[in-house]
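Inspection log for the structure reproduced underneath, given as structure tokens.
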Amino acid sequence: MDKVILLRYGELFLKGRNRSYFEGALARNIKAALSPFDCKFSRTQNRYYVEEYSFEDEYAIVERLTKVFGLHSLSIAVKVKTDYEGIFAAAVDSAPYTGTFRVNVKRADKKLSMNSMQIAVEAGARILRARPELSVDLHDPDSVVNIDIRENGFTYIFGESVPCAGGMPVGTAGKGMLLLSGGFDSPVAGWRMAKRGVKVCAVHYHSYPHTSLQAKEKVVDLAKKLTPWCGDITLYVVPFTHIQEEIHLRCKAEFMITVMRRVMVRIAERLAEKEGCGCLITGESLGQVASQTMESITSTEDAVERLPVFRPLIAMDKTEILEQAERIDTYDISKQPFEDCCTVFLPRDPVIHPKLDEARAEEAKLEGEEQLIEEAAANAEILHLGERT
Amino acid sequence: MIYLDNAATTRVYDECVAEADKYNRQLYFNPSARYRLALQAEEAVKNARSVIASALGADEGEIYFTASGSEADNIALLCSLRRKSGRVIVGAAEHSAVYQCACELERRGYEVAYAPVTQWGAVDIAALSSMLTPDTLLVSVMHVSNETGAVNDLKAITSLVRKKSPKALVHSDGVQAFGKLPVNVRALDVDMYSVSGHKIHAPKGVGALYAKKSVHLSPFVFGGGQEKGVRSATENVAGICAFAKAVPLAAVRMKEWLSKAANARAAAEEYLKNNIDDIVILSQRGKCLDTFLSLAVKGVRGEVLVHILDDKGVMIGTGSACSSHSSNKRIPKVLGLNEEYWDGMLRLSSSDGNDPNDLAEACKLLVEAIKAEREYIK
């Protein structure tokens with residue numbers, strides 16, 4: 002009796018002729034996720050299996066696989082040769098200890114003498130004999146014992162399914178440049194786009210000495226936290242102090258943030274194109290702060306010349322974002338109180354509804370902006386972050 | 007490199023490193039074991055206890071080794087009270103290790119009062135006196151302020167407490183005083199006194215609590231019964247021995263350093279006052295230890311100045327390093343600082359590894375940095 006992890010994918014079923022492209026990407030991502038473990042991964046018609054792993058690794062493997070986008074659910078199954086005694090013994094072992102249950106049988110191997118119903122009845126009877134405190138409920142059972150008889154001569158017996166992350170395999174929807182601040186929102190935004198198959202790169206604006214080295218470490222930690230879902234992440238840490246000082250000196254104080262954000266997206270677009278990204282991703286949520294009013298977003302968007310800006314959190318409440326951050330485990334990192342660049346030179350009364358022409362005019366006051374942007378992009382520190390870096 | 011954050015921690019003396027190494031690699035045995043070499047480890051802990059005891063003017067049996075000064079404070083505040091309710095008084099500017107314990111006592115139902123402090127951070131004795139009641143159970147006032155170096159007149163405080171609150175225990179957090187000031191717990195008449203190794207050039211991870219014989223401490227860590235059952239755990243032999251090694255060394259070296267530090271500090275203060283506007287010198291001369299020069303700068307964040315000096319090879323502190331991550335503005339508030347100065351607190355703290363010119367050099371860079379930063383303030 003061997004333990005096997007059965008993997009199921011979700012939305013890929015909807016794909017037509019290009020389905021193999023998506024399946025291939027999913028298989029690659031699963032293999033990458035399994036690379037730290039000693040185990041065997043295999044694919045057969047629409048199914049993925051992980052086998053020959055050590056018992057001690059089982060929890061970690063399951064935990065890791067639940068973070069692979071494109072997988073819908075998984076089950077830890079017992080694999081036996083297809084013979085009645087083996088199947089029924091495994092079914093008894095897989096049965097719950099309390100409550101109600103039902104046996105589900107799927108029989109791809111039609112050569113067996115008993116049909117699905119007969120196998121279910123017999124397995125149910127044996128389970129009840131072994132655990133008399135259980136009772137059967139066909140309609141709304143507490144637990145289900147699944148018996149999946151395959152054509153390859155093996156049968157898989159398993160209980161509940163573990164839900165996985167869903168979504169699409171990372172890399173199948175292109176690449177995006179995430180503006181990663183260190184707050185709660187941007188990691189969630191990156192996660193949501195990765196869920197739709199986007200390979201995420203990230204850019205962070207660092208305002209040392211106005212912000213701390215810990216503020217940068219925090220962002221590195223956030224990016225690393227995303228890697229089990231997103232795969233390896235290239236993080237650009239852009240030195241932003243000089244630009245902020247220039248904005249502070251030359252532009253109206255209330256336009257500090259508006260102009261700063263325009264410059265940020267200009268730098269991000271440049272780095273995005275260098276990385277081959279097809280979009281920018283931000284954690285903006287409509288109306289959350291002064292820089293996220295419709296007018297502010299318009300004036301930021303205006304500075305992006307070629308790429309679309311995706312804002313997956315635009316219609317989410319802060320509480321929803323925080324819940325999501327808790328689920329993906331970035332919450333505790335984001336809540337660390339290190340100031341980020343947005344709080345440097347923060348004006349007392351930032352403009353909340355900037356007029357586009359005024360925003361443009363304020364930005365135009367930045368002398369040598371092109372050179373400032375070039376320098377910042379060129380001097381960015383590039384970090385390649387993976388789960389084990 | 008200039009290091010002026012010795013109130014946060016100090017460089018470990020070479021002699022202490024060697025001592026710790028000896029007990030990590032040669033006599034690494036569990037002092038509770040019954041073979042000969044283990045007895046040597048046990049003996050070493052006993053000797054260390056007697057060194058700490060005599061440095062404090064206490065008996066060996068009154069010294070409990072802990073993992074830190076914070077832990078010693080926790081034991082003092084949380085394990086010494088016999089009554090379930092009553093009044094507890096702590097200084098308003100105490101280190102978080104005491105302050106947070108006081109908050110916990112409040113949650114447990116004690117009536118906790120916070121004694122106001124002067125602008126240089128010492129407890130206002132007149133105010134404290136008016137707070138003392140006959141049912142007061144515990145008074146905790148630090149010997150030297152970790153924020154400003156202010157020296158509290160512990161003797162005066164204990165006399166007052168004995169007179170007005172005869173039932174009360176007196177605890178003092180002596181972490182910043184031990185090794186720099188002569189301490190005699192009998193003369194000071196305190197019931198409990200906390201000390202820490204890493205502030206006097208011993209390794210981190212070791213501290214001690216003096217508790218007078220008559221003080222009954224309930225267990226803080228249950229287990230094998232070490233430290234008279236108050237704080238079970240296999241003794242940190244290497245740390246304890248290194249701590250004891252540091253005590254006599256620090257006594258000599260700190261005395262020598264303090265004789266130089268006074269002038270360096272006075273000159274640095276004058277330099278700052280003459281060269282930069284809108285700063286408040288928190289460490290008042292004559293009232294604070296000369297190893298401290300704490301100040302508050304108007305309109306500039308202390309953290310930014312720390313970064314700028316760091317880039318130039320000078321390390322200074324922003325208020326208490328233990329709480330500089332917290333957005334809590336308790337200390338500047340209780341010091342009565344104007345709100346414009348709250349984010350600008352800095353602490354330059356020296357020790358015997360410093361050169362007398364270090365402070366001058368740091369203040370020169372500090373003045374430049376403050377001027378440059380203020381350029382950006384509109």
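Chains as they are written, first to last, in my numbering: chain U, 2 to 390; chain R, 7 to 384.
Every residue gets a Cβ at the ideal spot worked out from N, C-alpha and C, and that includes glycine.
Remember, it's a predicted structure, so these values are computed and weren't measured experimentally.
For residue j and residue i, the rounded distance between their alpha carbons
i, j, result
"residue 59/R", "residue 68/R", "7 Å"
"residue 364/R", "residue 11/R", "12 Å"
"residue 318/U", "residue 286/U", "8 Å"
"residue 287/R", "residue 62/U", "58 Å"
"residue 388/R", "residue 117/R", "Nothing can be reported for residue 388/R: it is not among the residues displayed for chain R, which extend from 7 to 384."
"residue 330/R", "residue 19/R", "Because residue 330/R sits at a pLDDT of 47, beneath the cut-off of 50, its placement in the model cannot be relied upon, and the following sentence gives the value as read from the coordinates. C-alpha separation (whole angstroms): 26 Å."
"residue 291/R", "residue 348/U", "37 Å"
"residue 50/R", "residue 37/R", "9 Å"
"residue 338/R", "residue 227/U", "38 Å"
"residue 228/R", "residue 127/R", "36 Å"
"residue 139/R", "residue 376/R", "46 Å"
"residue 91/R", "residue 171/R", "15 Å"
"residue 315/U", "residue 208/U", "26 Å"
"residue 163/R", "residue 131/R", "7 Å"
"residue 173/U", "residue 101/U", "42 Å"
"residue 183/U", "residue 198/U", "23 Å"
Own chain residues within Cβ distance below 6 Å of residue i, not counting five before or after
i, result
"residue 31/U", "69"
"residue 145/R", "95, 167, 174, 176"
"residue 57/U", "none"
"residue 127/U", "89, 93"
"residue 11/U", "73, 167"
"residue 260/R", "185, 186, 358"
"residue 193/U", "313"
"residue 190/R", "63"
Secondary structure of residue i, DSSP reduced to three states
i, result
"residue 98/U", "coil"
"residue 75/R", "helix"
"residue 329/R", "Note on residue 329/R: pLDDT 47, under 50, position unreliable in the model; no value is reported."
"residue 235/R", "helix"
"residue 18/R", "coil"
"residue 17/U", "coil"
"residue 310/R", "helix"
"residue 7/R", "coil"
"residue 147/U", "strand"
"residue 382/R", "coil"
"residue 54/U", "coil"
"residue 155/U", "strand"
"residue 353/R", "strand"
"residue 41/R", "coil"
"residue 41/U", "strand"
"residue 383/U", "strand"
"residue 239/U", "strand"
"residue 10/U", "strand"
Close beta carbons around residue i, own chain, < 8 Å, minus the five adjacent residues each side
i, result
"residue 360/U", "256, 259, 260, 263, 300, 303"
"residue 362/R", "266, 267, 269, 270"
"residue 289/U", "186, 319"
"residue 33/R", "43, 46, 47, 50, 243"
"residue 212/R", "71, 72, 73, 74, 202, 203, 204, 242, 245, 246, 248, 249"
Residue i Cβ short of 6 Å to the ligand ZN heavy atom set
i, result
"residue 85/R", "Among the components modelled here there is no ligand, and therefore nothing to report on the ligand ZN."
Spatial neighbours of residue i in its chain, beta-carbon cut-off 7 Å, leaving aside the 5 residues before and after
i, result
"residue 340/U", "212, 216"
"residue 354/U", "294, 296"
"residue 234/U", "201, 202, 203, 224, 227, 228, 386"
"residue 369/R", "274, 277, 278"
"residue 310/R", "379"
contact_flag[the stretch 240 to 249 of chain U, the stretch 348 to 357 of chain R] where n(CB pairs < 8 Å) is 3 or more: no
Any 3 or more C-beta pairs closer than 8 Å across the stretch 206 to 219 of chain R and the stretch 246 to 263 of chain R: yes
The stretch 135 to 154 of chain U touching the stretch 165 to 179 of chain U, judged by at least three CB pairs closer than 8 Å: no
Ranges of the beta strand (DSSP E) found wholly within the stretch 63 to 97 of chain U, counting only runs of at least 3: 72 to 82
Whole alpha helix (DSSP H) elements within the stretch 129 to 202 of chain R, 4-residue minimum: 131 to 137, 160 to 170, 191 to 194
Minimum length 3: unbroken beta strand (DSSP E) runs contained in the stretch 157 to 228 of chain U: 176 to 180, 200 to 207
Inter-stretch contact at 8 Å, needing at least 3 Cβ pairs: the stretch 181 to 199 of chain R / the stretch 372 to 387 of chain U: no
Ranges of the alpha helix (DSSP H) found wholly within the stretch 97 to 122 of chain R, counting only runs of at least 4: 102 to 113
Any 3 or more C-beta pairs closer than 8 Å across the stretch 91 to 110 of chain R and the stretch 274 to 289 of chain R: no
Cβ pair count under 8 Å reaching 3, the stretch 269 to 284 of chain U against the stretch 308 to 318 of chain U: yes
Uninterrupted beta strand (DSSP E) stretches inside the stretch 95 to 144 of chain U (no shorter than 3 residues): 101 to 108
4-residue-minimum alpha helix (DSSP H) runs that sit fully inside the stretch 240 to 288 of chain R, ordered along the chain: 243 to 281
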